[in-house]
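At position 82 of the sequence shown the residue is numbered 82 (UniProt numbering), and the sequence of numbers has no breaks. Cβ coordinates follow ideal geometry from the N, Cα and C atoms, glycine included. These figures come from a predicted structure and were not determined experimentally. Below is one structure, written out as structure tokens, with a few remarks after it.
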Amino acid sequence: MSSAEGTAKEAPVAATEAQAGEKPVTSSAVFSMFGGGAKKEKKDDEEDRGDVSGSNKAQREAAAAAAATSKEGDEDEQAPESEDVHFEPVIRLTEKVDVKTNEESEEQTFKMRAKLFRFVRETSEWKERGTGDVRLLKHKENGKTRLVMRRDKTLKVCANHYVLPEMKLSPNVGSDRSWVWNATADVSEGEPEAVTLAIRFANSDNANSFKDAFIKAQTDNEALIKSVTKDDEDEDEGKEEEEGAEEAKGKEKEEKKEETAQDS
Numbered sequence: 001m002s003s004a005e006g007t008a009k010e011a012p013v014a015a016t017e018a019q020a021g022e023k024p025v026t027s028s029a030v031f032s033m034f035g036g037g038a039k040k041e042k043k044d045d046e047e048d049r050g051d052v053s054g055s056n057k058a059q060r061e062a063a064a065a066a067a068a069t070s071k072e073g074d075e076d077e078q079a080p081e082s083e084d085v086h087f088e089p090v091i092r093l094t095e096k097v098d099v100k101t102n103e104e105s106e107e108q109t110f111k112m113r114a115k116l117f118r119f120v121r122e123t124s125e126w127k128e129r130g131t132g133d134v135r136l137l138k139h140k141e142n143g144k145t146r147l148v149m150r151r152d153k154t155l156k157v158c159a160n161h162y163v164l165p166e167m168k169l170s171p172n173v174g175s176d177r178s179w180v181w182n183a184t185a186d187v188s189e190g191e192p193e194a195v196t197l198a199i200r201f202a203n204s205d206n207a208n209s210f211k212d213a214f215i216k217a218q219t220d221n222e223a224l225i226k227s228v229t230k231d232d233e234d235e236d237e238g239k240e241e242e243e244g245a246e247e248a249k250g251k252e253k254e255e256k257k258e259e260t261a262q263d264s
């Protein structure tokens with residue numbers, strides 16, 4: 001046998017041995033050739049890393065919450081207790097003072113809302129004095145009745161005089177809800193002065209109610225004035241009688257002295 005034939009026989013044997021020594025090719029090996037296996041492994045690695053990073057994030061959040069709670073607790077423990085602090089007022093309020101209106105000893109017999117006017121002689125015109133409640137007040141001791149009117153809100157007196165018998169209510173320019181009268185001694189401005197006043201009501205019924213109450217007050221005051229006048233007259237008469245009796249006694253003593261002197 002020649003060397004060429006020997007070589008040809010050995011070649012198939014070597015190929016057979018090589019085939020017997022190789023492993024069979026699996027599907028995974030095929031996919032790995034196109035990169036399939038590497039991607040799966042990479043995905044698994046990412047999932048593992050994701051789980052680890054998520055766990056770390058949860059741990060960090062839990063640690064931060066615990067630290068915040070601990071800080072709040074420390075602040076509560078360190079916060080000092082509030083002390084009773086007294087602050088002096090910048091402006092001291094004055095003590096409450098009861099303001100007297102000189103109406104404490106009077107009884108209200110009439111009250112009605114109205115508007116008051118005063119006639120100004122210098123300019124020959126009516127000036128408004130104010131709007132408020134016109135009232136008739138009767139003194140509890142001497143029984144005298146006066147008319148008082150105060151302005152709304154300010155309560156400033158705009159009319160204040162006794163209701164005297166000589167006063168006469170007259171319709172103002174023929175109105176059925178307004179009256180005019182003269183007061184010889186109104187003291188709303190402090191000093192007594194003669195004034196001409198006009199008052200206007202919401203309707204004629206209110207005006208008539210005021211007139212009735214005004215006339216009644218005039219009648220009561222007139223009776224008081226007469227009573228006081230009579231008492232004064234009686235008192236004067238009593239004084240005159242006493243003085244006359246004293247004079248008579250004095251004359252009688254003088255006469256007795258003269259008689260005694262003559263006898264001696």
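When DSSP labels each residue in this structure, what does Lys115 get in the three-state scheme?
In the structure shown, Lys115 sits in a strand (DSSP, three-state: E or B).
Going by DSSP in three states, Ala248 sits in which element: helix, strand or coil?
The answer is helix: DSSP assigns Ala248 an H, G or I state.
Let me confirm a value: Ala114 is counted as buried when at least 16 other C-beta atoms fall within 10 Å, else exposed. Which label applies?
Residue burial annotation: Ala114 is buried, with at least 16 other C-beta atoms found within 10 angstroms of its C-beta.
Gly174, enclosing beta strand (DSSP E) - first and last residue:
Following the DSSP letters along the chain, one finds Gly174 in no beta strand (DSSP E), marked with neither H nor E.
For Arg150, tell me which candidate among Gly143, Leu137, Asn142 and Glu141 has the shortest Cα-Cα distance.
Residue nearest to Arg150 within the set Gly143, Leu137, Asn142 and Glu141 is Leu137 (criterion: CA-CA distance).
Answer yes or no: do Arg200 and Ser227 have a C-beta to C-beta separation smaller than 9 angstroms?
No, the pair does not count as a contact, with Cβ atoms beyond the cut-off.
Does DSSP put residue 277 in a helix, a strand or coil?
Since the first and last residues shown for the chain are 1 and 264, residue 277 lies out of range.
Can you give me the start and stop residues for the beta strand (DSSP E) that Val187 sits inside?
Val187: not part of any beta strand (DSSP E); DSSP gives it neither H nor E.
Assuming Asp186 contacts Val195 under a Cβ cut-off of 8 angstroms, what Cβ separation, rounded to an integer in Å, is found between them?
For a cut-off of 8 angstroms, the C-beta gap from Asp186 to Val195 is around 5 angstroms, short enough to register as a contact.
Taking the alpha-carbon positions, what's the Asn206 to Met112 distance?
Cα-Cα distance, rounded: 7 angstroms.
Three or more beta-carbon pairs under 8 angstroms between the region 115 to 128 and the region 212 to 226, yes or no?
The answer is no - the region 212 to 226 does not touch the region 115 to 128, with fewer than three Cβ pairs under 8 angstroms.
Kindly give me the distance between the Cβ atoms of residue 266 and Leu116, rounded to whole angstroms, as I take these residues to be in contact under 8 angstroms.
Nothing in the structure corresponds to residue 266, since the chain is present only between 1 and 264.
Val228 - partner residues in DSSP beta bridges:
By DSSP's assignment, Val228 forms no beta bridge with any residue.
So the candidates are Glu88, Glu252 and Leu197; which of them puts its Cα closest to the Cα of Met167?
Checking every option, the nearest Cα to that of Met167 belongs to Leu197.
By the 10 Å Cβ neighbour count, where 16 or more other Cβ atoms means buried, how is Gly132 classified, buried or exposed?
Counting Cβ neighbours within 10 Å, Gly132 comes out buried, since at least 16 surround it.
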